[in-house]
Amino acid sequence: MDDSEYFSGEDYFEQFHAWPFTCEDSDCSPFWAFAEYDEDYDHVDDMFDMDPDWQSTAEPWETTNSDETKKSYAHLPDEDCEKLKETFTSGTTRAITFDGCTFSVEGCKILAKALERNETLTAVEFSFVLAVGDESCKALADMLKVNKTLNSIEFTDCCVGAEGCKALVNALECNTSLTRLGLRSCPIGDEGYKVLANALKTNTTLAEIDLAGNKYYVYQHCAEGVKSIISSLEKNTTLKNLKLERCGIDAETCEALGEMLQVNRTITHFSIAENAFGYEGCEALALALHSNKTLTSVWLTRCDIDDDGCEELADMLKLNKTLESLWLDDNKFAYQGCKALAEALEMNKSITYLNIEGNNLRNGGEDALNDSLQGNDTLRTLLAGDDSDKRWYWSLKHSRVLHRKKMLLSKPFYLGGARNISASAECIGQSSPFTYINSYMRRARSSCGDA
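1532 is the number that my numbering gives to position 375 of the sequence shown; each next residue is one higher, with no gaps.
Here it is as structure tokens:
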């Protein structure tokens, strides 16, 4: 299909973003994907991970690739839980998600019993399932004591409380296969955090734990529990990925985090996004990261980081030699913070991914970053700018960033209609080595054709 069909009319580009996309996992031809303007963008990859139409039916939505089969169920009543036993023993399904299902506690017990005998499933997720509370967790915990193949179980926006958390922790004492535990937006409370903390002191199988809170009910009385989790990681030697987003972490808790990070030698991915710890918390974390030699990815999205806090992190980047990815999007720094980061990028030789979207880069911040890119040969992915910035594609024309395999650009790259799109295409050229170029989005439409 001719590209001109998509690239006609400036008014069209005033309404849509556009980017070329090439599938990495198949032989499909490149195509152009379009996303309507929306203030809240999701990652473009979500378009390929989730079909919005599947939620309208109780039949499984299934995707298959070379090494696994995933199935998702919605609106699943109790009577259909019995039917899933055959699915659990079919030998082809590797991951199952129950999203917004309507089965009761009894239905969950049926599923748990079936999972005891399963030898093929490796991942199970319960999302927005009201029946999955403490009683259901006890049945699932009994399953974990028997099951030998499941390596990931996640609960998102479920009703799991402290008692359910205790049951899961008890199961971990004899389970040797589970490497990922997610209790995202579950009201486990201070008591649940402390129970998990005690388990983490001795557990040698968990590699990832997600304890993110919920933006609608941040737990006000879990400060001691969160600190106990942090303290336990001074002794833990297997956990690699820790998520404590929206957990009410303040500057004092950040000091405890900093002390832990100076001792821990195994955590590589660490997220405390959406915790308003501000400058003092940022200062404590930056001090710890000066000497940390194991962390490779850190998420500090929406943490009230201002110019002073950003300068502390920039000083850290001048010395740190192992950090590869850093998220600083949607914070409160402006020119001074951006300038400090730009100076750090001239010296840093490890950062390959940097996200500073949603900050005020006006009044020279973008120019400072542009100058720093000229001497940086390691940065491959940069998400930056605000709606006023229309010049980022010009910096790419001369920057070594252009020669990296993968690059993501923020929405300013796509603003300004056909004129900016044409100029951008001229900069990238026909021989662009990019695997894909995209923006954040909420909804997407795609069309196949030659890019």
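The beta carbon of each residue, even a glycine, is placed where N, CA and C say it ideally should be.
Check                                                                                                                                                                       : Outcome
Which two residues bound the contiguous beta strand (DSSP E) that contains Ile-1310?                                                                                        : 1309-1313
Identify the continuous beta strand (DSSP E) that holds Asp-1256 and give its terminal residues.                                                                            : 1252-1256
Is Asn-1517 helix, strand or coil by DSSP?                                                                                                                                  : coil
Which residue wins for smallest C-alpha separation from Leu-1444, given the options Asp-1486, Lys-1397, Thr-1423 and Asn-1477?                                              : Asn-1477
Quick one: Cα of Lys-1384 to Cα of Lys-1489, how far?                                                                                                                       : 26 Å
Work out the CA separation of Asn-1516 and Met-1598 for me, nearest whole Å.                                                                                                : No answer about Met-1598 holds up, because its pLDDT of 28 lies below 50 and its placement is not dependable.
Helix or strand or just coil, what does DSSP make of Glu-1481?                                                                                                              : coil
Return helix, strand or coil for Ile-1429, following the three-state DSSP convention.                                                                                       : coil
For Ala-1441, collect the residues of the same chain with a Cβ closer than 8 Å to its Cβ; drop the 5 residues on either side in sequence, then sort them by chain order.    : Ala-1408, Cys-1411, Glu-1412, Leu-1414 and Gly-1415
Taking its Cβ as the centre, do 16 or more other Cβ atoms sit within 10 Å of Asn-1360, making it buried, or is it exposed?                                                  : buried
Kindly indicate which three-state DSSP category Ser-1261 falls into: helix, strand or coil?                                                                                 : coil
For Glu-1282, report the span of its alpha helix (DSSP H) as first-last.                                                                                                    : First-last for Glu-1282: 1280-1284, but that is the beta strand (DSSP E), not the alpha helix (DSSP H).
Compare the C-alpha of Val-1303 against each of Glu-1330, Val-1352 and Leu-1368 and name the closest.                                                                       : Glu-1330
Taking the alpha-carbon of Leu-1446 as reference, which of Ile-1462, Asn-1432, Phe-1427 and Phe-1434 has the nearest alpha-carbon?                                          : Phe-1427
Can you list, in chain order, the residues of its chain whose CB lies under 8 Å from that of Thr-1394, leaving out five sequence neighbours each side?                      : Thr-1361, Arg-1422 and Thr-1423
Reducing DSSP to helix, strand and coil, say where Val-1352 ends up.                                                                                                        : helix
Please decide whether Cys-1331 counts as near chain C, where near means a Cβ-Cβ distance under 8 Å.                                                                         : The question asks about chain C, but that chain is absent: this structure has only one protein chain.
Run through DSSP, which three-state label would Val-1455 get?                                                                                                               : strand
Among Met-1300, Leu-1307, Cys-1265 and Leu-1272, which residue has its Cα nearest to the Cα of Leu-1287?                                                                    : Cys-1265
According to the Cβ coordinates, are Ile-1508 and Glu-1469 closer than 8 Å?                                                                                                 : no
Could you tell me the distance, in whole angstroms, from the CA atom of Val-1262 to the CA atom of Ile-1345?                                                                : 18 Å
By alpha-carbon positions, which one of Leu-1241, Asp-1256, Glu-1292 and Phe-1260 ends up nearest to Ala-1271?                                                              : Leu-1241
Assuming Arg-1459 contacts Asp-1487 under a Cβ cut-off of 8 Å, what Cβ separation, rounded to an integer in Å, is found between them?                                       : 5 Å
So, helix, strand or coil for Ser-1448, using DSSP?                                                                                                                         : helix
Note down the Cα distance separating Glu-1348 from Thr-1538, rounded to an integer number of angstroms.                                                                     : 40 Å
Quick one: what's got a C-beta closer than 7 Å to Lys-1323's C-beta in the same chain, skipping five residues either side?                                                  : Val-1352
Would you kindly work out how many angstroms separate the C-alpha atoms of Lys-1227 and Glu-1320, rounded to a whole number?                                                : 30 Å
Excluding the five sequence neighbours on either side, which residues of its own chain have a C-beta within less than 7 Å of the C-beta of Thr-1279, listed in chain order? : Arg-1251, Ala-1252, Thr-1306, Leu-1307, Asn-1308 and Ser-1309
Please report the distance separating the alpha-carbon of Leu-1474 from that of Ala-1328.                                                                                   : 41 Å
Under 7 Å Cβ to Cβ from Thr-1535, same chain only, skipping five residues before and after it: list those, please.                                                          : Lys-1506, Ser-1507, Ile-1508 and Thr-1509
Mind checking whether Thr-1313 and Ser-1342 have CB atoms under 8 Å apart?                                                                                                  : yes
Cβ of Ile-1386 within 8 Å of Cβ of Ala-1354?                                                                                                                                : yes
With DSSP as the reference, label Ile-1462 as helix, strand or coil.                                                                                                        : coil
Here's the rule: buried if 16 or more other CB atoms are within 10 angstroms of the residue's CB, otherwise exposed. What is Glu-1583?                                      : Summary for Glu-1583: the model assigns pLDDT 47, below 50, so the residue's position carries little reliability, and this model does not support an answer.
If distances are taken between C-alpha atoms only, which option among Ala-1501, Leu-1418, Gly-1532 and Asp-1256 comes closest to Thr-1453?                                  : Leu-1418
Could you check where the alpha helix (DSSP H) with Ile-1387 kicks off and where it finishes?                                                                               : 1380-1389
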